[in-house]
């Protein structure tokens, strides 16, 4: 988005004492004149001055000067907001201005922003003690008057409110302790930094245009920012809370607001943006000053963003004759393009990659030259260098070797080093300097020509407000990736898509009409009668008629399929009895639980659609394996489907299925199973029988308790799996077959019958080869009974479930849906699985087997079963679960104010960055990974940014290990760069990577992991992979593919990618600043991956983060989707349309009453049908379960008889 918001916390806003300020300022000029300090910034010089003052004072007082300096530097670093206020107020370009409040229209001066950042209002600040402590402090001084702003200020500064004299004695110390208390409101938000970033094309026009154009664009930017804030003020975004617990929300008015406009990005590229610093104190409609309702504020960000871009387009049109155009940005279409300025040109100035690459290439050349000089004797050169570092006496030749090796080290061939070598600090470059740099650089665009082309291609015509067209676009965007949406998304979407030239009032009115006329309101959706309701993040409760229709279609198909049976086993020769004997024996050998037996029985009912709701770690795969074995024994062809190719392939091997595939691949228009009837041929009958025989050997050895025999049998099974033909062999056979067919056509044309006989022999041989290749493409066998088992059905999109059921219904295929609605859903629109469970009675698997600790199994079950209402009772129960984790030491923390201060003092954190808490959390997560790297462990994170940071920290830890440590990485090794979603990671030999996308050309599947064995000079890598059957192979991945986001390091993973994994140890990182992306559907799978350990790292102040963790555990977005269908299954609107068509003579009131009654009757009838169908399903399942239990008991008896006979024979011998 063009608008981003960042909270500024009070704890970051402490300032240095006036005494140090004055003395330091007196020394500044003197220090600046010293050698080496000429180019230092004023803040750097002040720091030097303060250090000198503090060291001198420490010496005079008998304190350790080094320790005093350390404390001072940490304290200085803690003043990040103080530094921010100086940064925002520094106005060398004259573009910092107050736009609201008493100083509106005046320039911002250094020091003026501290009150804003500290949340000051009516003489009080957010970092002041509680009013009771203030009153007590006043009484200690003898002051009994009103706590006026002057009185509070005096106490804050340690002075008597009446006389102004400095307080002394015990009373003074106690008063000071109230302000110094470490557990005060350091985490409270004092202000917000709302950053408005103009589209890149606008920035280029400003950067390369003449002064008149540039100033016009700045004026347009300033006006657009003010109009965006006016939009927020006029449309219920600025609110505050009243009443007990803040239950009532009221309209408010913005307080102080300051802006700082800049034309450069941190990378030094053209990027026009405005920091808008908004006080967190607002004036309520009742006249009181209290804090802004941040829930509404954050919820309206997308709306403010769209309003800003509309205003900017309008202002630019008025000033320079250029209007913005719609472009695709990420996954949203936004008003973000400048006509005539291509995206290719924008990209040249959107990243410093080209600059860094040039520097990198130069360093690579130099590195290669030095490597050529050292040749095979690099160790000798390194030894000379190390000896020199130790101060040893060297020969001239050794000195030369040491110098060459040092030069090789200094080439710094990695992107970070190259970036540092090319970086121009934003803080050190003024607007004038940036403009001068751009004007002198070669290959820069002609600003005048850019402007002329933009004006020529800009449309000045005001488009008609076509509501139907607008609504159609909105419907497409709102449900493209989700089944439901919030009111705030509707209003933001309308602002993005509405034609330019129409007022915000007109657009907002149209958005409201869309909600009432086009959207379907779901149960739980707010009535939006109160101020701020449309922007509240909890106001999610709408969908479209198209989504409702699709859900109805899916559930209707599901009910129909569940009422039919596909007979696997009822033949005249008694096959059913034979099959139940097989099922009983499999249940015995696989030691199925009673729940898993019920799953097997459900599949054997032949019901065309079987559903299973299974908690994480309940052995769903184990139950699937048993069912697949029995089905294959009956002659059925069984496939497994999953969300990722790697998971599908692994599941097929683990369960012994004929094949594995993804529903995404099956849905492809030109090549997918659902469209073409073509899929992988899969294991043939002979291979299935051999697989069963080898697996039986493993099972029998395990039942005997013979561990050695188990290992031997497992090795034999793995060797057989490795021996199966690969996909490349299948492709080779297909190519050969094609060549034979072409040659045969030529021979037929030439009449070469002898040649045709030879070719026919080759054809037959290739057909036989293909018959042995599981991954060969083939048409689906229409004769064999077929079963498709879908794993992680809860993560399957609505479109894919619909396609699957349509295909299965048409081709008489049994479908088994296995999943958990309490885990993460699909990236695309999803939720149908949960609704299907309401119509098709599921088998439930609740006996958790994965977690070793009984207490943890209990907590996971209780978390899964939390209510979906987000009520206070649910929050209370979630709080109990969090306390259980706390009691068992599973809650870690990182990022408290004290920890950050200590880390800064040690030089471990960059105090100039705002994400200090996240920096420290990434380091702690890296430490955790290093402590657990010997096990199958992973760090699970909510965002990709933290994933990259953790990987960098793990790399650093590995490089710091002793050289003889098996996990050591050489810090000087050549590195390649992995790029994805605008982020970068370095990778070197010895590190493990994960495929984020499949690469069919290289035979690599999404989700596969491999170890880097080589990094090429051009940046590509070679990695060794192991496929699902245990076969190892190497693949070279060029840098061009690494740039496309196909690969990442695997030290950590987002929770989405980790779903379905089973680990030994797992650490989930909970970051409250990202809590809008977190709910129970993310926390529950994150805390159920590990068998031994499932810990949580809380980011920030522990109690705040713990409260956030509790809130998000109690929060679920899934319930609304399920309830939606119940509410709209036979909607009043649909019934009303039919009544009006059949009885036009009725009055409107009579029609409405009739429709309402009709819809209610239909809902009741429908509910009765569902209940009757589920009763029949359960009855059929009960019969089959009894048969299976009897068959298993018989198998146990037979096994006992066999063992008795064997023992008797041994005794007789």
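In the numbering used here, the protein residues as written are 18 to 1230. Yeah, the Cβ is synthetic: ideal placement off N, Cα and C, and Gly gets one too.
Confirm, please, whether the CB-CB distance from residue 674 to residue 705 is below 7 Å.
Here residue 705 is taken as the residue at index 688 of the chain shown, counted from 1. Here residue 674 is taken as the residue at index 657 of the chain shown, counted from 1. The answer is no: Cβ separation not under 7 Å.
Using only the alpha-carbon positions, how far apart do residue 822 and residue 569 sit?
Locating residue 822 in the chain shown gives position 805, counting from the first residue. Locating residue 569 in the chain shown gives position 552, counting from the first residue. Straight-line Cα distance between these residues: approximately 13 Å.
Under a three-way DSSP split, which group does residue 611 fall into?
Reading the chain shown from its first residue, position 594 is the one you call residue 611. Reduced to three states, the DSSP call for residue 611 is helix.
Please list, in chain order, all residues of the same chain as residue 814 whose beta carbon is under 7 Å from its beta carbon, the five residues on each side excluded.
The count along the chain shown starts at 1 and reaches residue 814 at position 797. Only 843, 845, 846, 847 meet the Cβ criterion.
Residue from 889, 247, 1058 whose Cα sits closest to the Cα of residue 520
Here the question's residue 520 lines up with position 503 in the chain shown. The shortest Cα separation from residue 520 among 889, 247, 1058 belongs to 247.
Could you spell out where the beta strand (DSSP E) holding residue 696 opens and where it closes?
Working through the chain shown from its first residue, we reach residue 696 at position 679. Where residue 696 is concerned, the enclosing beta strand (DSSP E) stretches over 695 to 697.
Go ahead and pull the three-state DSSP assignment for residue 622.
Counted from its first residue, the chain shown places residue 622 at position 605. Residue 622: coil per DSSP, three-state reduction.
According to the Cβ coordinates, are residue 792 and residue 747 closer than 7 Å?
What you label residue 792 is simply residue 775 of the chain shown in a count that begins at 1. What you label residue 747 is simply residue 730 of the chain shown in a count that begins at 1. In contact: residue 792 and residue 747 (Cβ atoms closer than 7 Å).
DSSP three-state label for residue 500, please.
Sequence index remark: in the chain shown, residue 500 carries index 483 (1-based). The answer is coil: DSSP assigns residue 500 none of H, G, I, E or B.
Cβ distance (whole Å) where residue 665 is taken to contact residue 657 below 8 Å:
Start at 1 with the first residue of the chain shown, and residue 665 comes out as number 648. Start at 1 with the first residue of the chain shown, and residue 657 comes out as number 640. Contact flag correct, Cβ pair sits at about 6 Å.
Whose C-alpha, out of 737, 852, 418, is nearest the C-alpha of residue 629?
Taking the chain shown and counting its residues from 1, one reaches residue 629 at position 612. Nearest Cα to residue 629 within the set 737, 852, 418: 852.
Do residue 528 and residue 546 have their C-beta atoms within less than 7 Å of each other?
As a working note, residue 528 is residue 511 in the chain shown. As a working note, residue 546 is residue 529 in the chain shown. When the beta-carbon positions are compared, residue 528 and residue 546 stay at least 7 Å from each other.
Would you mind sorting residue 696 into buried or exposed? The rule is 16 or more other CB atoms within 10 Å of its CB.
What you label residue 696 is simply residue 679 of the chain shown in a count that begins at 1. It counts as buried.
Take residue 563 and list the residues in its own chain whose beta-carbon comes closer than 8 Å to its own, dropping the five residues that flank it on each side.
Working through the chain shown from its first residue, we reach residue 563 at position 546. Excluding residues within five positions, the ones whose Cβ falls inside 8 Å are 492, 496.
Using only alpha-carbon positions, find the residue among 1116, 714, 1192, 242 that is nearest to residue 932.
Here residue 932 refers to the residue found at position 915 of the chain shown. The closest CA to that of residue 932, considering only 1116, 714, 1192, 242, is found on 1116.
For the structure I just gave you, are there three or more beta carbon pairs, one from the region 1063 to 1083 and one from the region 947 to 962, closer than 8 Å?
Taking 8 Å as the limit for Cβ pairs, the verdict is that the region 947 to 962 does touch the region 1063 to 1083.
With DSSP collapsed to three states, give me the class of residue 772.
Residue 772 sits at position 755 when you count from the first residue of the chain shown. Of the three classes helix, strand and coil, the one that applies to residue 772 here is helix, per DSSP.
Relative to the C-alpha of residue 214, which residue among 281, 1012, 733 is closest?
As a working note, residue 214 is residue 197 in the chain shown. Nearest to residue 214 by alpha-carbon distance, out of 281, 1012, 733, is 281.
Distance cutoff 7 Å, beta carbons only. Does residue 888 sit that close to anything in chain C?
In the structure shown, chain C cannot be found, because there is only a single protein chain.
Roughly how many angstroms separate the alpha carbons of residue 571 and residue 534, rounded to a whole number?
Counted from its first residue, the chain shown places residue 571 at position 554. Counted from its first residue, the chain shown places residue 534 at position 517. The C-alpha of residue 534 is placed about 25 Å away from the C-alpha of residue 571.
Following the continuous beta strand (DSSP E) through residue 254, name the residue where it begins and the one where it ends.
The count along the chain shown starts at 1 and reaches residue 254 at position 237. From DSSP, residue 254 is part of no beta strand (DSSP E); its letter is neither H nor E.
Delimiting residues of the alpha helix (DSSP H) encompassing residue 874
Locating residue 874 in the chain shown gives position 857, counting from the first residue. First-last of the alpha helix (DSSP H) with residue 874: 871 to 881.
Which first and last residues belong to the alpha helix (DSSP H) in which residue 562 is found?
Residue numbering aside, residue 562 sits at position 545 when the chain shown is read from its first letter. According to the DSSP assignment, residue 562 belongs to the alpha helix (DSSP H) that extends over 562 to 579.
Reduced DSSP secondary structure (H/G/I, E/B, other) of residue 837:
Position 820 of the chain shown, counted from the start, is the residue given in the question as residue 837. In this structure, residue 837 counts as coil in the three-state DSSP scheme.
Quick one: is residue 676 buried, meaning 16 or more other Cβ sit within 10 Å of its Cβ, or exposed?
Your numbering for residue 676 matches position 659 in the chain shown. It is buried - the Cβ of residue 676 has at least 16 other Cβ atoms within 10 Å.
Extent of the continuous alpha helix (DSSP H) to which residue 169 belongs
One-based indexing of the chain shown puts residue 169 at position 152. 166 to 173 is the span of the alpha helix (DSSP H), which, as asked, contains residue 169.
So which of 947, 1015, 1014 has the shortest CA-CA distance to residue 984?
Taking the chain shown and counting its residues from 1, the one referred to as residue 984 is at position 967. From the listed residues 947, 1015, 1014, the smallest Cα separation to residue 984 is found for 947.
Quick one: what's got a C-beta closer than 7 Å to residue 300's C-beta in the same chain, skipping five residues either side?
What you label residue 300 is simply residue 283 of the chain shown in a count that begins at 1. The residues are 269, 270, 272, 306.
Separation of residue 636 from residue 963, as counted between CA atoms
One-based indexing of the chain shown puts residue 963 at position 946. One-based indexing of the chain shown puts residue 636 at position 619. In a straight line, the C-alpha of residue 963 is about 31 Å away from that of residue 636.
For the pair the region 283 to 296 and the region 217 to 226, tell me if three or more CB-CB distances fall below 8 Å.
Counting Cβ pairs under 8 Å, three or more are found: they touch.
Alpha carbon to alpha carbon, how far is residue 805 from residue 253? Give it in angstroms, no decimals.
Locating residue 253 in the chain shown gives position 236, where the first residue counts as 1. Locating residue 805 in the chain shown gives position 788, where the first residue counts as 1. In this structure, the CA atom of residue 253 is about 51 Å from the CA atom of residue 805.
Does DSSP put residue 521 in a helix, a strand or coil?
Locating residue 521 in the chain shown gives position 504, where the first residue counts as 1. In the structure shown, residue 521 sits in a helix (DSSP, three-state: H, G or I).
Identity of the residue in 626, 701, 633, 683 nearest residue 650 by Cα:
Along the chain shown, read from residue 1 onward, the residue named residue 650 stands at position 633. For the residues 626, 701, 633, 683, the minimum Cα distance to residue 650 belongs to 701.
Going by C-alpha distance, which of 391, 924, 419 is nearest residue 404?
As a working mapping, residue 404 is identified with position 387 in the chain shown. Residue nearest to residue 404 within the set 391, 924, 419 is 419 (criterion: CA-CA distance).
Using a Cβ distance threshold of 8 Å, determine whether the region 1096 to 1105 contacts the region 868 to 881, with at least three qualifying pairs required.
Yes, the region 1096 to 1105 is in contact with the region 868 to 881.
Taking the alpha-carbon positions, what's the residue 994 to residue 1009 distance?
To locate residue 994, count along the chain shown from 1; it is residue 977. To locate residue 1009, count along the chain shown from 1; it is residue 992. Rounded to the nearest whole angstrom, the CA to CA distance from residue 994 to residue 1009 is 14 Å.
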